[in-house]
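What follows is a set of notes on a single structure, which appears directly below.
Protein chains: 2
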Amino acid sequence: MIALPNRDRRSERREATRREILNCAWQIARADGLAAVTLRGVADLMGMRAPSLYSHVASKNAIYDAMFGQAWREWSAALAAAALTAPAEPRRALLAAARLFVDFAAGDPARYQLMSQPAIPNFIPSAEAYAASLEAYAQMADALRGFGVTAPADIDLWTALITGFTNQQLANDPGGERWRGQLPRLVDMYCDEVGIAGPALRSSP
Amino acid sequence: MIALPNRDRRSERREATRREILNCAWQIARADGLAAVTLRGVADLMGMRAPSLYSHVASKNAIYDAMFGQAWREWSAALAAAALTAPAEPRRALLAAARLFVDFAAGDPARYQLMSQPAIPNFIPSAEAYAASLEAYAQMADALRGFGVTAPADIDLWTALITGFTNQQLANDPGGERWRGQLPRLVDMYCDEVGIAGPALRSSP
DNA sequence: GTCTATACTGTGATAGAC
DNA sequence: GTCTATCACAGTATAGAC
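Chains as they are written, first to last, in this note's numbering: chain F, 3 to 207; chain D, 3 to 207.
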């Protein structure tokens, strides 16, 4: 009988290289933009030849795909960490969530660009990676449900409002406050519309 | 003394070829997406060789640039044709403008993708092409001013709301009504917020 | 399993002949 | 103006060394 090691060092190392590939890709994306990620560039950073990457990833789009899923999972984690389930002050909680999203996007524009399709030509997230974004959506929907918002239309309204503000902020005033500064007003508008009570945020941002 | 022709047939023909290049590029973009536009593809459609295009266009990005300006001028024309200066019923006018924008975007997703940066890697609209988008912005701002909306923040609010709805509609329910159908509600929210009077649209869409 | 060398295809772009 | 030829660079497929 052969003693099986309780840890598979081989697959551990394999996972580590895969992670390193993603890290190098992120590094390039952050520095020079998403489109600047090339297999040769990633390979250079790793001290490898470009074709060698195919031992660990199926294609370049597979790298984007993994990054896409990773990005949405990071957002889910950030939202969960914020623990905005404060039913006592729903408007403040929603404002915090909105600011969190804008700041999350502004903190890594390349990441946000990848999250909001269609950033890369010919890249369509796989069902598995897309599931990560759906989970983040469900997470936000849950939070809204905690505030009494259940109608799908009301949830659609929220997503359109927040992403609209985020896109405008990043595209026209990156790092500024032109739209971000209006978030209290936006959250008030939304809460008034969907019937979330509480004191207005506008006067006391 | 040499008789100068009163029309420059040469430059007329030159302009015609340039237009044809753009038309072929649009044709490809509409059929297979913006990224599918290839110099060889355009040249094929024109019965030319790819390098010959450089006699009429400085680069591939110059083609995108011309398309960008053209797209925004088309939107300006569409908005002007709508003649939404109906101060009697501002809410209806704004709803018409909002629907016009969503439909304009949905009518040619590739065009809208190009209008909303950053659609193509390494493509940044030239100052001249960008001016076309600024003019469209000024046009909308003028219309809003006609309804008493003058604060820059209020105009920013409008753009974020409309583009947010449009993006969500195209990305998650292309050709549908999921967000488009909520436009009356959105316009009401906006008008209530910025102080545009009139009967609510919600009940009578 | 992991990496390399080589090579194929397609891209935007340039040079120079006609 | 348009052509042919060619370049540099991309993603990727394959064969084989270790």
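A virtual CB, placed ideally from N, CA and C, is assigned to each residue, including glycine.
Span of the alpha helix (DSSP H) around L102(D)
Here residue 102(D) refers to the residue found at position 100 when the second sequence is read from its first residue. Counting along the chain, the alpha helix (DSSP H) containing L102(D) begins and ends at 92-109.
If you measure beta-carbon to beta-carbon, which residues of the stretch 159-192 of chain F are closer than 7 Å to chain D?
L159, T161, A162, L163, T165, G166, F167, N169, Q170, A173, R180, W181, Q184, M191
Quick one: list the residues of chain F neighbouring A155(D), beta-carbon separation under 7 Å, in chain order.
The residue labelled residue 155(D) in the question sits at position 153 within the second sequence. What A155(D) touches in chain F: Q184.
At the 9 Å Cβ level, is S61(D) part of the contact set with chain F, yes or no?
Taking the first residue of the second sequence as 1, we reach residue 61(D) at position 59. False, the Cβ-Cβ gap to chain F never drops below 9 Å.
What three-state label does DSSP hand N124(F) in the structure shown?
The residue labelled residue 124(F) in the question sits at position 122 within the first sequence. Here N124(F) sits in coil by DSSP.
Flag A38(D) as yes if its beta-carbon sits less than 9 Å from any beta-carbon of chain F, otherwise no.
Locating residue 38(D) in the second sequence gives position 36, counting from the first residue. Any Cβ of chain F closer than 9 Å to the Cβ of A38(D) would place that residue at the interface, and such an atom is present.
Can you tell which of G178(D), F103(D), E17(D) has its C-alpha closest to the C-alpha of A83(D)?
Numbered from 1 along the second sequence, position 81 holds the residue referred to as residue 83(D). Among G178(D), F103(D), E17(D), the Cα nearest to that of A83(D) belongs to F103(D).
Is R15(D) helix, strand or coil by DSSP?
Taking the first residue of the second sequence as position 1, residue 15(D) is located at position 13. In the three-state scheme derived from DSSP, where H, G and I count as helix and E and B as strand, R15(D) is classed as helix.
Using the C-alpha atoms, what's the distance from L185(D) back to W160(D)?
In the second sequence, the residue the question calls residue 160(D) occupies position 158. In the second sequence, the residue the question calls residue 185(D) occupies position 183. Looking at the two C-alpha atoms, the distance is approximately 12 Å.
State yes or no: is the beta carbon of G35(F) nearer than 9 Å to at least one beta carbon in chain D?
Mapped onto the first sequence, residue 35(F) falls at position 33. Interface annotation, G35(F): in contact with chain D, CB-CB separation under 9 Å.
Taking C65(D) as the reference, which of L86(D), A98(D), L116(D) has the closest Cα?
Position 63 of the second sequence, counting from 1, holds the residue named residue 65(D). Note on residue identity: the sequence assigns Ile, not Cys, to residue 65(D). The shortest Cα separation from I65(D) among L86(D), A98(D), L116(D) belongs to L116(D).
Note down, in chain order, every chain F residue with its Cβ under 7 Å from the Cβ of Q119(D).
Numbered from 1 along the second sequence, position 117 holds the residue referred to as residue 119(D). Those are A173, listed as they occur along chain F.
Neighbour-count burial assignment, Y56(D), 16 or more Cβ in a 10 Å radius
In the second sequence, the residue the question calls residue 56(D) occupies position 54. Exposed.
With 9 Å as the threshold, decide whether the Cβ of Q141(F) is near any Cβ in chain D.
Here residue 141(F) refers to the residue found at position 139 of the first sequence. Taking Cβ atoms only, chain D never reaches closer than 9 Å to Q141(F), which makes this a no.
Using DSSP with H/G/I as helix, E/B as strand and the rest coil, what is D175(F)?
Indexing the first sequence from 1 puts residue 175(F) at position 173. Under the three-state reduction of DSSP, D175(F) is assigned to coil, being neither helix nor strand.
Inter-residue spacing [alpha-carbon to alpha-carbon] between Q171(F) and N124(F):
Numbered from 1 along the first sequence, position 169 holds the residue referred to as residue 171(F). Numbered from 1 along the first sequence, position 122 holds the residue referred to as residue 124(F). Distance between the alpha carbons of Q171(F) and N124(F) is about 26 Å.
Between the stretch 128-138 of chain D and the stretch 123-143 of chain F, do at least 3 Cβ pairs fall closer than 8 Å?
no
Under 7 Å from the C-beta of N124(F): neighbouring residues of chain D:
Your numbering for residue 124(F) matches position 122 in the first sequence. The answer, in chain order, is A37.
Exposure of G197(D), with buried meaning 16 or more beta-carbon neighbours within 10 Å
Residue 197(D) sits at position 195 when you count from the first residue of the second sequence. Burial call: exposed.
If the cut is a Cβ gap below 8 Å, which residues of chain D does E195(F) touch?
By one-based count along the first sequence, residue 195(F) stands at place 193. Those within 8 Å of E195(F) in chain D are R187, M191.
Closest Cβ-Cβ distance between Q115(D) and chain F: below 9 Å?
Within the second sequence, residue 115(D) is the residue found at index 113, counting from 1. By this cut-off, Q115(D) is an interface position.
Please classify G178(F) as buried or exposed, where buried requires at least 16 neighbouring CB atoms within 10 angstroms.
Residue 178(F) sits at position 176 when you count from the first residue of the first sequence. So G178(F) ends up on the exposed side.
Which residue wins for smallest C-alpha separation from F149(F), given the options G200(F), S54(F), S135(F)?
Along the first sequence, one-based indexing puts residue 149(F) at 147. The shortest Cα separation from F149(F) among G200(F), S54(F), S135(F) belongs to G200(F).
Which whole-angstrom value describes the C-beta separation of I157(D) and A143(D), a residue pair presumed to lie in contact below a C-beta threshold of 8 Å?
Start at 1 with the first residue of the second sequence, and residue 157(D) comes out as number 155. Start at 1 with the first residue of the second sequence, and residue 143(D) comes out as number 141. That pair is a contact at about 5 Å.
Own chain residues within Cβ distance below 8 Å of A80(D), not counting five before or after:
Translated into the one-based positions of the second sequence, residue 80(D) becomes position 78. Only L102, F106 meet the Cβ criterion.
Over the uninterrupted alpha helix (DSSP H) stretch that includes R187(F), give me the two end residues.
Start at 1 with the first residue of the first sequence, and residue 187(F) comes out as number 185. Element bounds for R187(F): 185-196.
Quick one: residues in its chain with C-beta nearer than 7 Å to the C-beta of P207(F), no 5 flanking neighbours on either side, listed in chain order?
Translated into positions along the first sequence, residue 207(F) becomes position 205. The predicted model places P207(F) with a pLDDT of 46, which falls under 50 and marks its position as unreliable; any figure quoted below should be read in that light. Excluding residues within five positions, the ones whose Cβ falls inside 7 Å are P186.
Is L47(D) closer than 9 Å to Q72(D) when the C-beta atoms are compared?
For the purposes of this step, residue 72(D) is identified with residue 70 of the second sequence, where counting begins at 1. For the purposes of this step, residue 47(D) is identified with residue 45 of the second sequence, where counting begins at 1. Contact: no.
Proximal residues to A112(D) (C-beta, below 7 Å), its chain only, five neighbours per side dropped:
In the second sequence, counting from the first residue as 1, residue 112(D) sits at position 110. If we look at A112(D) and ignore the five residues flanking it on each side, its Cβ neighbours are A31, R32, G35, L36.
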